[in-house]
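Peer 1:
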Amino acid sequence: MEACASAHYWARTLAKLGHEVRLIPPARVKPYVKRGRKNDAADAAAIAEAVTRPHMEFVPVKSEEAQAVLMLHRTRRLLVTQRTMLGNALRSHFAEYGIIEPEGQGGLARLVVCALDAPDAALPQAAREAMAMLAAHVRETDAKIDALDHEILRWHRNDADSQRVASIPGIGPLIASAIVAAMGDPKRFKTGRDFAAWLGLVPSQNSTGGKTVLGPITKAGDRYLRSLLVVGATGTLWRRRKEPGTWLAGMMARGKTARQISVALANKMARTAWAILAKGGLYHEPAAQAA
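In the numbering used here, the protein residues as written are 4 to 294.
1. Can the beta-carbon of Ile155 be found closer than 8 Å to that of Leu280?
2. Between which two residues does the beta strand (DSSP E) containing Ile220 stretch?
3. Taking the alpha helix (DSSP H) that Ser265 belongs to, which residues open and close that run?
4. Excluding five sequence neighbours on each side, which residues of the same chain lie with their C-beta closer than 7 Å to the C-beta of Asn209?
5. In angstroms, rounded to a whole number, what distance separates the CA positions of Pro206 and Gly39?
6. Grab me the residues of Glu52's own chain with a C-beta within less than 6 Å of its C-beta, minus the 5 sequence neighbours each way, in chain order.
7. From the DSSP output, which residues share a beta bridge with Gln208?
8. If you run the structure through DSSP and keep just helix, strand and coil, what is Ile27?
9. Is the region 252-267 in contact with the region 226-240, if contact means three or more CB pairs nearer than 8 Å?
10. Could you tell me the distance, in whole angstroms, from the CA atom of Pro176 to the CA atom of Met88?
11. Using only CA atoms, which one of Asn270, Ile182, Ala129, Thr249 lies nearest to Ile220?
12. Evaluate Lys65 with the Cβ neighbour count: other Cβ atoms within 10 Å of its Cβ, from every protein chain shown; 16 or more gives buried, anything less gives exposed.
13. Secondary structure at Val183, three-state DSSP: helix, strand or coil?
14. Does the beta-carbon of Gly101 have 16 or more other beta-carbons within 10 angstroms, so that it is buried, or is it exposed?
15. Is the distance from the Cβ of Leu202 to the Cβ of Leu137 below 8 Å?
16. Counting Cβ pairs closer than 8 Å, one from the region 156-171 and one from the region 179-187, do we hit at least three?
17. From the DSSP secondary-structure annotation, give me the bridge partner or partners of Glu5.
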């Protein structure tokens with residue numbers, strides 16, 4: 004079947020009936036759809052043709068628990084996006100009346116208090132009502148995000164694989180739980196490089212005539228998980244950028260930019276996470292090399 008909406012549910016249901024289910028990404032099926040035909044029969048014929056290809060890539064069927072954890076992450080990401088939009092709107096409305104607070108959660112929190120707990124009587128009544136609605140929504144969204152964080156942390160503490168992945172510097176409960184739920188069976192990747200490529204953390208290639216030309220990362224795969232790894236790598240780079248004799252120090256000595264180093268570190272973190280899940284054990288910090 005195509006890996007579309009509700010495909011994992013139907014895959015689990017058909018597997019219980021004794022069928023061998025293979026989910027194919029729609030992008031892998033599209034090249035086999037006959038030209039000028041877009042109907043169920045043509046799609047079914049394209050799927051039947053695609054499944055016979057020797058190098059076809061399949062989507063592993065996710066368990067109900069893995070889908071539940073990823074649903075927590077997706078819901079949290081949506082609420083974080085909405086909170087950013089609400090905060091920007093609240094800031095812009097206050098700025099129209101000359102009330103400006105610094106960037107960050109602290110400044111936004113003061114605006115929320117100003118809109119709800121201590122409204123300025125000099126502002127028009129209609130403006131106060133509109134700002135109060137936005138501020139109440141911001142406060143409510145914050146509470147929902149905190150509840151999701153606690154639920155993700157609870158799942159992380161009850162999962163041994165997630166705790167082992169969290170031993171990697173730069174990876175906490177949020178990233179570890181997302182990696183474990185998204186990866187599924189680590190054996191489906193031959194190496195850690197395959198997992199990093201699946202996340203789009205490898206250079207793109209535009210090669211011909213035996214000449215290899217590497218470009219920016221492909222950005223294929225799970226965008227959410229890739230962004231989490233890059234953010235975690237950026238934080239690790241900021242904390243450990245001055246430590247001598249480390250891999251990060253070697254990258255900086257070669258003149259790499261901060262973004263190049265953080266993406267390379269995210270790739271390294273992804274490969275390390277795969278090794279821990281596939282082979283067991285915990286992360287051990289390598290000894291610093293002599294200067």
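We treat Cβ as the ideally placed atom computed from N, Cα and C, and that holds for glycine.
Peer 2: The answer reads as follows:
1. no
2. 217-220
3. Element bounds for Ser265: 261-282.
4. Val216, Gly218
5. 35 Å
6. Tyr35
7. Looking at the DSSP output, Gln208 bridges to Leu217.
8. DSSP places Ile27 in strand when its eight states are reduced to three.
9. yes
10. If you take the alpha carbons of Pro176 and Met88, they lie about 26 Å apart.
11. Asn270
12. It counts as buried.
13. helix
14. exposed
15. In this structure, Leu137 does not lie closer than 8 Å to Leu202 by Cβ.
16. yes
17. Ile27
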